[in-house]
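Residue numbers (full-length UniProt numbering): 1 to 410. Built from N, CA and C at the ideal position, the CB exists for glycine as well. Working notes, structure below.
Written out as structure tokens, the structure reads:
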């Protein structure tokens, strides 16, 4: 069994074997995350990419006294999450049934994709960008979240690689709405933050497609250009009359980090307003759970655990990461889980009184290796008979997550 340690980048030496790069939260950084450190140039490249921590396999390569055993990190994560779910949190009670809200949620999703596409095309052609429609779409998102947030949250896990930019913009707006409302932001202020999240990546329309959609590792100069999407976004939205400053903050700061390691300005904790910190949390979660050409997305439960770790490293605001986990729960809507009866299910909605006993849609029989006619199951009502064994990584099961999600919400 491999022995994994997390070490600071300044402890990296030639002869070590990299098992993973902790800074996987950098959404557009497709740095190859495994392999031998064969020469000093590899270390220089990693440092230039902004990596601050990484994992090494001390059984495969050279070891070090520095760092922390991965098992210790995992055990601490389990303690943190166990403590977190015991704290009181008043999850919004759905006002309408999931199935009823789902159809409207799909319409809102399509409208949002069309809006983001129009804004980006206008920006590409040098036309003035109108923020009003984004505010209207943000209002529709918030209305749906208020009625039953599980519908939109479930849709955020339906992916199409060719529509990543549109999906990501919409998903971050949904996640921002959930997180910001949970900490007391409301009314016009909340609508403004959701609008900013919807527009946060508008600057990517100025990035050459050859870089934006490159299937392989970005060269250093390409990565530097990719990072400029933030300042391009500021330039696009800056001239908009009467633009709420919070919108521009979200565009400008969503890649900044609490420890000052982010970009483009290297701002740190005291320089980052609350809404910018929340935008970073929402942006990172959606980015790392998405399949991209160059890497497979993490399962939601894994992503939340990694985000706890990144908040310990002071990349993300720990307060908002903790609150985000409480909002989504240990098993978020759209998450794939294995039940103790050896059936696989998609989490549909979270039970407010029991985060570990959601309502699920059962879709697959592991023993028979066969898809099932989807049916709904409330694990709280069936807690003496059926429970969740663990979250499932679709990559390890060779199941088509998108097909399972589609069957679960049709």
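query: Three-state class that DSSP yields for residue 311 in the structure shown; result: helix
query: Close beta carbons around residue 238, own chain, < 8 Å, minus the five adjacent residues each side; result: 248
query: Residue 341 versus 319, 368, 335 and 52, residue with shortest Cα-Cα distance; result: 368
query: Exposure of residue 47, with buried meaning 16 or more beta-carbon neighbours within 10 Å; result: exposed
query: Residues sharing a beta bridge with residue 58, DSSP; result: DSSP lists no partner for residue 58.
query: Burial state of residue 93, where buried means 16 or more other Cβ atoms lie within 10 Å; result: exposed
query: When 91, 320, 192 and 270 are compared against residue 285, the one with the closest alpha-carbon; result: 320
query: 3 or more residues per run - each beta strand (DSSP E) lying fully within the region 230-280; result: none
query: Start and end residues, beta strand (DSSP E) containing residue 348; result: 343-351
query: Short Cβ contact (7 Å threshold) for residue 288 with residue 264; result: no
query: Bounding residues of the beta strand (DSSP E) (the contiguous stretch that carries residue 364); result: 354-365
query: Per-residue burial, residue 221 [other beta carbons within 10 Å of its own, 16 or more giving buried]; result: exposed
query: Cutoff 6 Å; reference residue 371; Cβ partners in own chain excluding five residues on either side; result: 364
query: Stretch pair the region 123-136 + the region 294-314: three plus CB contacts closer than 8 Å; result: no
query: Given residue 428 as reference, the closest of 394, 393, 349 and 389 once Cα atoms are compared; result: The requested residue 428 does not occur in the structure, where the chain is confined to residues 1 to 410.
query: Spatial neighbours of residue 108 in its chain, beta-carbon cut-off 8 Å, leaving aside the 5 residues before and after; result: 137, 140, 141, 144 and 152
query: CB contact flag (residue 394, residue 339, <7 Å); result: no
query: Sequence-distant residues of the same chain with beta carbon closer than 8 Å to residue 299, five excluded per side; result: 289, 335, 336, 391, 392, 393 and 394
query: 7 Å CB neighbourhood of residue 252 in its chain, flanking five on each side removed; result: 230 and 234
query: Range of the contiguous beta strand (DSSP E) that encloses residue 122; result: That residue, residue 122, is in no beta strand (DSSP E); its alpha helix (DSSP H) goes 98-124.
query: First through last residue of the beta strand (DSSP E) which encompasses residue 378; result: 370-378
query: CA nearest to the CA of residue 114, picked from 170, 101, 60 and 132; result: 170
query: Residue 267 versus residue 315: straight-line alpha-carbon distance, rounded; result: 11 Å
query: Nearest neighbour of residue 202, chosen from 154, 219, 134 and 174 [CA to CA]; result: 134
query: Cβ contact (3+ pairs, closer than 8 Å) linking the region 53-67 and the region 12-19; result: yes
query: Straight-line Cα distance separating residue 291 from residue 301; result: 15 Å
query: Same chain only: Cβ atoms within 7 Å of residue 269, ignoring 5 sequence neighbours per side; result: 258
query: C-alpha distance - residue 225 paired with residue 208, whole-angstrom precision; result: 9 Å
query: Same chain, Cβ closer than 7 Å to residue 36, neighbours up to 5 away in sequence not counted; result: 17 and 61
query: CB contact check: residue 195 to chain D, cutoff 7 Å; result: Protein chain content of the structure displayed is limited to a single chain, and chain D is not contained in it.
query: Contact check, residue 246 vs residue 192, beta carbons under 7 Å; result: yes
query: Three-state secondary structure assigned by DSSP to residue 41; result: helix
query: For residue 388 and residue 356, believed in contact at Cβ under 8 Å, the rounded distance; result: 7 Å
query: Other residues of its chain near residue 200: CB distance less than 8 Å, five sequence neighbours each side excluded; result: 169, 172, 233, 250, 251, 254, 279 and 283
query: For residue 39 and residue 189, the rounded distance between their alpha carbons; result: 51 Å
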